[in-house]
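Counting from 1 along the sequence shown, just add 2 to a position and that's the residue number in the working numbering.
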Amino acid sequence: MRGGAVLVFAVAVISIHGQSTSSGLNQQWPVAGQNLSDTRSQPSETTISPSNAAALKPKWVFTTGGSVSATPTVAGNEVYFPDWAGNLYAVDKNTGAQIWSAKVSSYTGVAGDLSRTSPAVYGNLLVFGDNQANLGIHNGANEIAVDRFTGARVWVTQIDAHVAAVVTGSAATYNGLVYQGVSSNEENLATQASYPCCTFRGSMVALNLRSGQIVWKTYDMPENGGVPGGYSGGAIWQPPVVDTARGVVSVGTGNNYTVPAAVSQCQAANPQATNCTAANDYFESVLALDLHSGAVHWSRRLAGYDAWTVACLSSPTAANCPSPAGPDWDLGGSGGNLLSKLVGFGQKSGIYWALNPANGSVLWGTPVGPGGTLGGIEWGTATDGQRIYVAISDSLHTPYTLKSGQTITWGSWSALDLNGNILWQTPDPTAGAIDMGAVSVANGVVYTDSITGYMYALDAATGKILWSFNSGGTVVDGPSIVDGVVYWGSGFPNAGGTVNNKVYAFSVRD
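Below, the structure is given as structure tokens:
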């Protein structure tokens, strides 16, 4: 498909409402972060609490064709999720019985196509982006809409034609539009010495939910003409935050892959410089874009310089590693968290940043734990409006001291107050574990996860571990919580994870 092409595969009556489905489904979980503010919290939960979370047990277990690393979405009687084998499922939320399943490749016609994102529910649509089973060259990134009751395809739109473009962050929907970030595998392709590195530019795209037509697309990198050696990178790994009060969609970006030679020379001569790159090189930045036009309302860069590819992990570094090389401190993961007076973002540096949502000024930044190429903060942040909950990977096993005085070299979970003060920190019970996964919160219980395969429930007020469960595979998705049931996938085939093929529903009820 050519860039921007829309393929309409099925005729369907589409119910498009003026507001996000999340406003009408407050007791459901219609998007990855539960709501437009991407808080990963369930305000209507009353059944599971710190007093009974220890009694959580499987209500049902669904066996998939591959690992499940996306937070399941829930609407009506259905639970929706993709797996890494390229399947998309609709399952009865009460019984775990399959309602329908489909191959993502059947929608796009691309062999080996899959999705790793939480399908957003809007009216009778499911909307999600695609990815590739391998890290090779392919035919770009697509956004897909299907009928959520039947799985029938409605439209497919190519949102980026770059050969390495993929979708890793889940979509947000609002007022007839879907907002989708575009990421890439190009920094992995850079490990091939023969690959002409690099030309991908990250972007945010808004599409019409009825037709799939692209309404606007905003790049976070200066134009490079498709020629290697200019500005590239800025992958958007995360779901966006939709701030309806201010009319913006906010998102965090990743590192540069390459920068022009003059920038490299400037940085080499002045290693502490923060102004060598162009003002519109929005790497490792928070962008607030106009909901209707995509125009940049404000931006806030949270790093001074960071050009990096996976080639930099070689020893000695490979040809496609920039010089100087940065630390790879993306704003990745589960996206921002919007509260009334701040919008917060976790960074792979280990810092949680709070910005003024009106203008992007930094309110505070708290170093929660050590940084690393897998975090720092990789995916895990959530808020219930009282506290902000953060997972630290410590992927490089750097020693750090917790609030309790204990020094560790592995992952942990923390709670911050709304002024950035650390309230408590709980180490992963398994020494050496990396805790890069997303977290969720509901009714005083924080749900966390680990590369070890364990799922945990913590007391949100104290950090005390209330419950644990060995899922059988690495867990990075963070659960959805709806009406006293916790829906949670297991398995992750990347970053040293272990695969699995299960989605669990947990309940405290008999």
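Cβ atoms here follow ideal geometry from the backbone N, Cα and C, with glycine treated the same way.
DSSP, read as helix, strand or coil, puts residue 166 in coil.
Under DSSP, residue 210 takes part in a beta bridge, and its partners are 179. Within the DSSP secondary-structure output, residue 343 pairs in no beta bridge. Contact between residue 505 and residue 494 does not hold, since the beta-carbon distance rounds to 13 Å and is not under 8 Å.
Counting the other CB atoms within 10 Å of its CB gives residue 276 a total below 16, which places it among the exposed residues.
When DSSP states are grouped into helix, strand and coil, residue 221 belongs to the strand group. Looking at 134, 209, 96, the one whose alpha-carbon comes closest to that of residue 145 is 209. Inter-segment contact for the region 325-343 and the region 34-50 is present: three or more beta-carbon pairs are separated by less than 8 Å.
Around residue 262, the same chain offers 232 as residues with beta carbons nearer than 6 Å, after the five sequence neighbours per side are excluded. Annotation for residue 100: the continuous beta strand (DSSP E) segment containing it runs 100-105.
Rounded to whole angstroms, the separation of the alpha carbons of residue 83 and residue 93 is 9 Å.
Comparing alpha carbon positions, the residue from 112, 278, 379, 172 closest to residue 128 is 172.
In the three-state DSSP reduction, residue 89 falls in the strand class (E or B). By the Cβ-count criterion, residue 512 is exposed, with fewer than 16 other Cβ atoms from all chains shown falling within 10 Å of its own Cβ. By the Cβ test, the region 388-396 is in contact with the region 363-378, since at least three Cβ pairs between them sit closer than 8 Å.
Comparing alpha carbon positions, the residue from 31, 29, 63 closest to residue 502 is 63. Pairwise C-beta distances place the region 116-135 in contact with the region 157-170, as three or more of them are shorter than 8 Å. Nearest C-alpha to residue 31 among 150, 76, 225: 76. In this structure, residue 193 and residue 230 do not form a Cβ contact; the two beta carbons are roughly 15 Å apart against a cut-off of 8 Å. Beta-carbon to beta-carbon, residue 296 and residue 238 are separated by about 13 Å, too far to satisfy the 8 Å threshold. Around the beta carbon of residue 189, a 10 Å sphere encloses 16 or more other beta carbons of the protein chains shown; the residue is thus reported as buried. Going by beta carbons, residue 91 and residue 66 fall inside the 8 Å limit. DSSP, read as helix, strand or coil, puts residue 301 in strand. In the DSSP assignment, residue 184 is bridged to 205. Straight-line measurement puts the Cα of residue 332 at about 22 Å from the Cα of residue 272.
Segment contact: the region 411-419 against the region 432-449, three or more CB-CB distances shorter than 8 Å; contact assigned.
Positions of the beta strand (DSSP E) runs, each at least 3 residues long and wholly inside the region 302-389, are given as 345-348, 353-357, 364-369, 383-385 in order along the chain. The Cβ-Cβ distance between residue 508 and residue 59 falls below 8 Å. Looking at the backbone, the Cα of residue 386 and that of residue 482 are separated by about 14 Å.
The closest CA to that of residue 456, considering only 113, 468, 473, 441, is found on 473.
Nearest in C-alpha terms to residue 142, of all of 218, 148, 116, 126, is 116. The Cβ atoms of residue 398 and residue 288 lie no closer than 8 Å to each other. For residue 173, there is no enclosing alpha helix (DSSP H), as DSSP marks it with neither H nor E. Taking C-beta atoms under 8 Å as the contact rule, residue 441 and residue 384 qualify, at a distance of about 5 Å. For residue 322, the closest alpha carbon among the candidates 181, 310, 421 is that of 310. The three-state reading of DSSP puts residue 416 in strand, counting E and B together.
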